[in-house]
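Taken in order, the sequence shown gives residues 0 to 340; the numbers are from numbering that gives the first Met the number 0.
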Amino acid sequence: MTNLKQLGEFGLIERLRSRLNTRSPRVKKGIGDDSAVFSTRPNTLQLTSTDSLIESIHFDLKTITPKQLGHKAMAVNISDIAAMGGAPYLALISLGLPTSTSKKFIDELYSGLQTICNSYRIELAGGDTVASPKHLFINVCILGEACKNRVFYRTGAKPGDQIFVTGNLGDSAMGLGILMDKNKNFIAAKHRNALVKKHLEPTPRVKESGLLAKSRLKVTSMIDVSDGLTQDLGHLCAKDKFGANLYEDSLPVSEALKSACLQKKHAPTPWVLQGGEDYELLFTIKPEDVKNLKRLFLKADSFVSHIGEIAKSPKKITLIKRNGSKVSLKPATGFNHFKRK
Ligand code: ADP
Ligand code: MG
Numbered sequence: 000m001t002n003l004k005q006l007g008e009f010g011l012i013e014r015l016r017s018r019l020n021t022r023s024p025r026v027k028k029g030i031g032d033d034s035a036v037f038s039t040r041p042n043t044l045q046l047t048s049t050d051s052l053i054e055s056i057h058f059d060l061k062t063i064t065p066k067q068l069g070h071k072a073m074a075v076n077i078s079d080i081a082a083m084g085g086a087p088y089l090a091l092i093s094l095g096l097p098t099s100t101s102k103k104f105i106d107e108l109y110s111g112l113q114t115i116c117n118s119y120r121i122e123l124a125g126g127d128t129v130a131s132p133k134h135l136f137i138n139v140c141i142l143g144e145a146c147k148n149r150v151f152y153r154t155g156a157k158p159g160d161q162i163f164v165t166g167n168l169g170d171s172a173m174g175l176g177i178l179m180d181k182n183k184n185f186i187a188a189k190h191r192n193a194l195v196k197k198h199l200e201p202t203p204r205v206k207e208s209g210l211l212a213k214s215r216l217k218v219t220s221m222i223d224v225s226d227g228l229t230q231d232l233g234h235l236c237a238k239d240k241f242g243a244n245l246y247e248d249s250l251p252v253s254e255a256l257k258s259a260c261l262q263k264k265h266a267p268t269p270w271v272l273q274g275g276e277d278y279e280l281l282f283t284i285k286p287e288d289v290k291n292l293k294r295l296f297l298k299a300d301s302f303v304s305h306i307g308e309i310a311k312s313p314k315k316i317t318l319i320k321r322n323g324s325k326v327s328l329k330p331a332t333g334f335n336h337f338k339r340k
């Protein structure tokens, strides 16, 4: 099987270039020069973000296919643009590859990247390729744009603002749990597949972000849930100036997660509160907009849950349980790279 030793850096780049032809008229030069060249639009703000996935920290090649890896690397970056109310349009990919990497692996990786880029109309306009001694890494730099007055920041929520989240939470973490579990047959295949898919092939919420951006709703803050609900909600609490109340009964739990928790004799709530990598949008709106928000999402056939409100109490996130009792949640119980056990 051909690997990078035979192909070489320039052979590889040429191979990528011949496959990744840019289409958008705004990209004047994609792969092939010292920089990509593109034009911007009036009345917009430009957004940019970058995120890396490192083998053995973010993924294990035993459990993810190269195609899924390409999808995920791009999806997590798209999600960062969506979290600001923006639409992605251009991306650069940097790869660190062990010399033993096969041509087939690269082809499949780029097939995953290309498929997701096509579905969101993102141009793959370049990147960088280096040799990595042992582990593979993939970095994406992404550009997006948002309407000048409709960029949503993490800061801006005030006490009384209502908290919403798209989709379900906790599925990705349970999906990862299943991938690491020797006994994968403890739940029905359809639930297992749904949970694993949420972990390996997350859907960035571009549609929902677009709904909010195009609406007149008073969105006061937004973030994508990558490190777990409790931790990411902390970022919406104005650098700990405020707190939040969450209603256990309103937290979105999928049938698949319920089933997995039932089999494992776990309560689903900790999975929902702490599970990372769901890439759902967590946002706040003014209380008078709650009805309109629900109507908008219903009409668009998008799932959203009203899970709580911003509270005055600094730093305190309180879970109101089904029986009415209150539990104070520890502020940062999600993922932290430098505090891993
Ligand atoms: P430089 O020497 O300026 O770093 P390179 O030889 O690394 O240039 O890159 C040549 C062209 O190939 C550039 O347009 C760059 O954006 C593109 N490119 C390099 N690596 C990749 C990659 N992994 N994916 C997509 N495009 C790439
Ligand atoms: Mg280079």
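C-beta atoms are modelled at their ideal positions from N, C-alpha and C, and glycine is treated no differently.
Opposing strand residues paired with residue i [DSSP bridges]
i: Thr317; result: Asn244, Ser327
i: Ile137; result: Leu52, Leu94
i: Asp32; result: Ile30
i: Val218; result: Ile284
i: Asn2; result: Ser101
i: Phe302; result: Answer is none; Phe302 lacks a bridge partner.
i: Ile162; result: Thr283, Gly307
i: Asp180; result: In DSSP, Asp180 forms no bridge with anything.
i: Gly169; result: BP columns for Gly169 are empty, so no partner.
Contact check, residue i vs residue j, beta carbons under 9 Å
i: Cys140; j: Met73; result: no
i: Arg215; j: Ala255; result: no
i: Lys206; j: Ala145; result: no
i: Pro24; j: Asp160; result: no
i: Asn244; j: Thr154; result: no
i: Gly274; j: Asp170; result: yes
i: Pro251; j: Gly166; result: yes
i: Leu281; j: Met221; result: yes
i: Ala156; j: Ile309; result: yes
i: Gly143; j: Ile30; result: no
i: Glu276; j: Ser327; result: no
i: Tyr109; j: Leu19; result: yes
Nearest-angstrom Cβ-Cβ length linking residue i and residue j, presumed shorter than 8 Å
i: Thr114; j: His70; result: 7 Å
i: Asp248; j: Arg321; result: 5 Å
i: Val164; j: Gly84; result: That belief does not hold up - the Cβ atoms of Val164 and Gly84 are roughly 16 Å apart, past 8 Å.
i: Ser51; j: Leu96; result: So it is not a contact: roughly 14 Å between Cβ atoms.
Straight-line Cα distance separating residue j from residue i
i: Lys2; j: Lys27; result: Sequence check: residue 2 is Asn here, not Lys. Each residue's Cα considered, the two are about 32 Å apart.
i: Pro313; j: Gln67; result: 40 Å
i: Cys236; j: Lys217; result: 17 Å
i: Ala7; j: Phe136; result: Checking the displayed sequence, the identity of residue 7 turns out to be Gly instead of Ala. When rounded, the distance between both Cα atoms is 18 Å.
i: Tyr152; j: Leu60; result: 35 Å
i: Val303; j: Phe296; result: 7 Å
i: Gln230; j: Lys4; result: 43 Å
i: Ile53; j: Ser101; result: 18 Å
i: Pro41; j: Ile177; result: 47 Å
i: Ile12; j: Leu194; result: 35 Å
i: Ser17; j: Ser118; result: 20 Å
i: Lys340; j: Lys290; result: For Lys340, the predicted model reports a pLDDT of 42, less than 50, meaning its position is unreliable and no value from the coordinates is stated.
i: Ser324; j: Ile105; result: 53 Å
i: Gly209; j: Lys196; result: 24 Å
i: Ala172; j: Ser301; result: 22 Å
i: Leu232; j: His134; result: 33 Å
i: Leu15; j: Ile121; result: 16 Å
i: Gly148; j: Thr283; result: It is worth fixing the name first, because residue 148 is Asn in this sequence and not Gly. Going by the C-alpha atoms only, they are around 17 Å apart.
i: Glu279; j: Leu228; result: 9 Å
i: Ala266; j: Leu175; result: 17 Å
Any non-hydrogen atom of ligand 1 closer than 8 Å to residue i Cβ
i: Arg22; result: no
i: Ile77; result: no
i: Ala145; result: no
i: Leu123; result: yes
i: Ala35; result: yes
i: Asp127; result: yes
i: Phe282; result: no
i: Asp32; result: yes
i: Ser101; result: no
i: Gly29; result: yes
i: Glu8; result: yes
i: Ser93; result: yes
i: Ile141; result: no
i: Ile53; result: no
Residue i CB to nearest heavy atom of ligand 4 below 8 Å
i: Glu279; result: Within the structure as shown, ligand 4 is missing, the only ligands being ligand 1 and ligand 2.
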